[in-house]
Structures are given as structure tokens and as C-alpha cells.
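What follows is a single structure, written as C-alpha cells, with notes after it.
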Amino acid sequence: MADARASIPLLYFKPKEEVHTRASSSSSSESVKIEVDETDSNFTSLLQRGARDGNVGAMEKLLERSPEIVNAADTDGFTALHYAAKYGHVKAVELLLNKGAMPDVAGRDQFTPLHVTAKYCRPLALLHAAPTERSAVSLFIDASAHSGATCRLTTADVTTAIVNLLVHHGADVNANDAYGMTPLHHAAMKANEPAASTLLKHGAYVNAKAMKGTTPLLTACVHGSDDIIQMLLSNGADTSETDNRMNSVYHIAAQHGRSDTLKLLLRHGGQSGEKLLWMSNNEGKTPLRMAVDGNHPDTVSTILQLKPASGSSLEEYVEAFLCLRFLSF
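Read in order, the letters of the sequence shown are residues 1 to 329 in the UniProt record's numbering.
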């Protein structure tokens with residue numbers, strides 16, 4: 001069933017109040033044990049529901065009674081740790097890891113909690129942490145940025161803290177999902193700058209290739225922001241890498257009409273970048289041809305301001321080709 005509070009399909013969860021009431025109202029070990037083991041049609045446990053809602057108190061009670069459920073998975077293979085990470089609940093993530101949650105457990109599409117954090121971690125609201133609640137975060141982000149009796153946490157703080165917690169407990173920053181994508185690929189795809197920055201600090205391979213040959217930089221040129229692209233370039237991303245169809249970052253940027261991205265790549269690549277700008281993919285298409293086919297006049301104009309590396313004959317061909325196609329703009 002579609003999750004109304006996020007962009008991906010997820011399981012139905014009952015409200016936090018019900019999780020708390022049912023977990024805390026039972027007086028005997030037997031009755032709590034029954035509720036701990038109870039699942040819905042997707043085998044979603046009370047612990048997973050509590051993790052999704054950030055209901056740490058209920059989670060503690062459930063784990064005290066039945067610690068073995070910490071790594072229980074639903075029908076999609078997702079554990080409570082996946083849900084706590086996805087919804088940005090730092091205290092819940094810390095609790096689960098301290099109780100033995102596996103940091104690299106893989107769910108549907110081989111998503112680990114780091115993949116989930118990089119792709120989906122968007123806390124439902126800015127968090128306000130009282131002094132007694134700060135320990136989970138202050139250990140894993142720059143405490144100097146949050147002085148005073150009360151701490152206001154941003155989405156960036158939460159994402160950074162969760163990535164740091166997972167890595168601190170042994171999560172693999174270069175783990176591949178079912179498509180060969182690393183957490184950095186997903187951070188680049190979703191323009192998740194805090195996740196990307198923290199993953200890179202922990203040794204994420206900036207030029208990792210997924211099954212289709214895409215690197216995080218190639219992925220960012222399709223989906224991400226120029227800020228993410230600049231971050232990847234500053235950390236050694238190779239603009240000469242191509243996907244399995246021999247598309248370079250210049251092909252991808254031109255295909256999607258991303259003129260500013262193209263300029264950024266060219267500033268970084270210099271003369272070698274200009275040379276790559278005139279290379280063909282395995283369909284014989286240059287970035288210019290892809291910009292024309294995509295009806296992106298601004299991008300065409302950007303490319304035409306440069307001299308073709310192959311000489312004037314290619315330049316004359318390009319100008320003639322554009323005359324034939326210009327009415328399509």
C-alpha cells in the first residue's frame with residue numbers, strides 16, 4: 001500500500017499512539033510476548049512500526065521482553081533499522097544498533113540501511129532535542145555547531161548522524177544493491193548532500209560503477225543537483241567515465257538540457273573535457289546531437305560556442321545539421 005508520508009511504496013503502519021499503548025499497557029510477560037510476535041499481513045511487527053514512528057520508549061519495552069526480534073524482517077526483507085533510518089529517527093537507530101541490529105542487513109533490492117538513508121532519509125519535521133536526548137546525535141555530529149541548552153537539529157544533522165552511526169557500527173559504505181548501486185549513487189540521485197558528504201568522508205568510492213556502468217557522477221547528471229556534482233568533482237569524480245552505452249557525463253547533461261551542469265563540467269574538465277564533448281556514444285551520437293534530439297536550444301547554444309576538436313569540417317556539419325532541425329525547437 002502506498003505510504004502517504006513518503007515517495008516509495010511501504011507497508012501500512014498503525015499510528016504511534018496505538019503502538020505505544022499496546023506495548024506499554026500489558027502487565028505480564030506473556031501478554032507482551034504475544035503482542036511482540038503479532039504481525040500484520042506483511043509480517044510487520046510492532047517493533048518495526050515503533051521504529052517508523054520513532055517511538056523509542058515502546059521499542060525499548062519490546063526489546064527488553066523479546067531481544068531476538070531486533071533483526072526480524074517483513075515480507076520485503078526490511079527490518080526495524082531500515083525504517084528508523086528511512087524516517088530519520090536517530091535515537092531509534094542508536095537503540096537498535098546497540099541492541100544488536102545488523103548494520104548491513106539487506107532488504108528488497110538488496111537495500112541496506114545505508115542505501116535507505118542515502119535515498120529516503122527525510123525526517124518528517126525538524127527535531128528539537130532536550131539536553132537528555134542529545135547523546136545520540138552529539139556523539140556523531142559536530143557538537144560545537146549546537147551550543148546551548150536546547151538543540152535544533154536540521155535534516156542535514158539527522159542524516160549525517162545516522163550515516164555516522166551506521167558506519168561506526170560496521171556498515172559498508174560501498175555495499176551494492178541489486179542494481180550494483182552504492183549508497184553514494186542513491187545520495188547523488190536524490191541530491192542528498194549530507195549523506196553524500198558523509199559517505200565520502202568515510203571512504204565511499206567516488207567512481208563506483210553500477211550494473212549499467214553508471215557512476216555517482218553520471219547519476220547526478222540525470223537526477224541530482226549541481227551542488228552534488230561539484231561535491232563529487234571536488235572528491236575526484238572522473239568526467240571521462242562512460243556508462244555501458246558509452247555515454248559520458250557530457251552526453252547525459254546534454255540529453256537532459258542541463259546547460260549549467262554542462263558548463264560546470266567543462267570548467268572542471270578543461271581541454272580534455274572539450275575533447276570529450278565531441279566524442280560519440282555507441283549509437284554514433286555526440287552530446288550536441290543529443291541536445292538537438294532533445295530540443296534543448298540553450299544547451300545547443302552552449303556547445304556551439306566551443307570549437308569542435310575534430311576541426312572545421314565537423315563544425316560545418318554541425319551547423320548544417322542544426323539548420324535542418326531548428327524548426328523543431
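Where a beta carbon is used, it is the ideal one built from N, C-alpha and C, also for glycine.
Keep in mind the model is a prediction, meaning the values are calculated, not measured.
- Nearest to Thr-302 by C-alpha distance, out of Met-279, Thr-261, Thr-215, Asn-281, is Thr-261.
- Of the candidates Ala-85, Leu-96, His-82, Glu-68, Leu-96 places its Cα closest to the Cα of Gly-57.
- Cβ-Cβ distances below 8 Å link Leu-47 to Val-36, Met-59, Leu-62, Leu-63, Ile-69, Val-70, Ala-72, Ala-80 in the same chain, with the five nearest sequence neighbours on each side left out; the list follows chain order.
- In the DSSP assignment, Ser-248 is bridged to no other residue.
- Linking Ile-162 to His-89 through their CA atoms gives a straight-line distance of about 8 Å.
- For the pair Ala-204 and Leu-184, the CB atoms are nearer than the 7 Å cut-off.
- Here the alpha carbon of Ala-175 sits roughly 32 Å from the alpha carbon of Glu-283.
- Between Thr-239 and Gly-269 a beta carbon distance of about 5 Å is seen, short of the 8 Å cut, so the two are scored as contacting.
- Excluding five sequence positions before and after Gly-170, the CB atoms of its chain that fall closer than 6 Å to its own CB belong to Pro-103, given in chain order.
- By the neighbour-count criterion, in which 16 or more other beta carbons inside 10 Å mark a residue as buried, Asn-295 falls on the exposed side.
- Using a Cβ distance threshold of 7 Å, Ala-92 and Ala-51 count as a contacting pair.
- Minimum Cα-Cα distance from Ala-253 among the listed residues Pro-287, Leu-233, Lys-99, Pro-113 corresponds to Pro-287.
- Between the alpha carbons of Leu-165 and Cys-221 lies a gap of roughly 29 Å.
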